[in-house]
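Taking it in order: structure first as structure tokens, then the write-up.
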Amino acid sequence: MTELKQVYTQQTITLDLAKEILEKAEEKGKELGMKFAISIVDKAGNLKAFSAMDGTPVLALEIAQNKAFSAAAYNRATHEWYDRLKDDPPLMAGLVHTNRLVVFGGGYPIQVDGECVGGIGVSGGHYTHDMQVCEAGLSVLLAATKEV
231 MTELKQVYTQ QTITLDLAKE ILEKAEEKGK ELGMKFAISI VDKAGNLKAF
281 SAMDGTPVLA LEIAQNKAFS AAAYNRATHE WYDRLKDDPP LMAGLVHTNR
331 LVVFGGGYPI QVDGECVGGI GVSGGHYTHD MQVCEAGLSV LLAATKEV
């Protein structure tokens with residue numbers, strides 16, 4: 231008899247890892263001397279950890295969460311979207327109206343052993359600054375890999 235599989239197991243980020251990434255990202259934000267909102271979501275896009283530096287622009291709070299959601303939902307860094315969309319008008323017109331999708335830098339998937347387990351999103355500076363803060367947070371994963 232053939233076994234029918236009705237469910238599968240999917241990895242997702244732990245609270246401990248989310249906090250480590252958040253802490254490292256906050257350090258970079260302070261180093262840059264800017265006010266950032268930093269969001270960490272699990273694989274399903276649910277908020278896992280969040281920080282808003284004192285004085286962060288109000289709109290940045292929602293944008294950071296949407297960047298993290300976009301990165302986790304599509305397992306794609308948000309800055310990669312524009313190049314993919316810019317020469318495809320129907321896709322550009324449709325996707326930019328997709329709720330919570332962000333198509334500029336500052337959101338990255340969080341990958342462990344090649345599998346997307348969540349996302350990080352940062353907002354508050356120019357998107358290039360937001361990307362630097364994300365990359366600093368994700369450096370936790372590189373350090374952990376080297377320790378193994």
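Heads up, the sequence shown is in the working numbering, so the first residue is 231 and it goes up one at a time.
Idealized CB from N, CA, C, for every residue including glycine.
Could you tell me the distance, in whole angstroms, from the CA atom of L302 to the CA atom of L247? In the sequence as presented, Leu is not what sits at residue 302; that position holds Ala. So the alpha carbons of these two residues sit roughly 15 Å apart.
Report back the beta-carbon spacing between M347 and K273 to the nearest angstrom; my notes put them in contact at under 8 Å. Residue identity differs from the one stated: residue 347 is Val in this sequence, not Met. Right, the Cβ-Cβ distance comes to about 6 Å (below 8 Å), so this counts as a contact.
Which residues bound the alpha helix (DSSP H) around K249? L245 to L262
Please work out which residues of its chain come closer than 7 Å, Cβ to Cβ, to S369, disregarding the five sequence neighbours upstream and downstream, and give them in chain order. K254
Is the Cβ-Cβ distance between G354 and A290 less than 8 Å? yes
Need the endpoints of the alpha helix (DSSP H) that Q341 sits in, please. That residue, Q341, is in no alpha helix (DSSP H); its beta strand (DSSP E) goes G337 to V342.
Cβ-based neighbour list, D284, same chain, cut-off 8 Å, excluding 5 preceding and 5 following: K265
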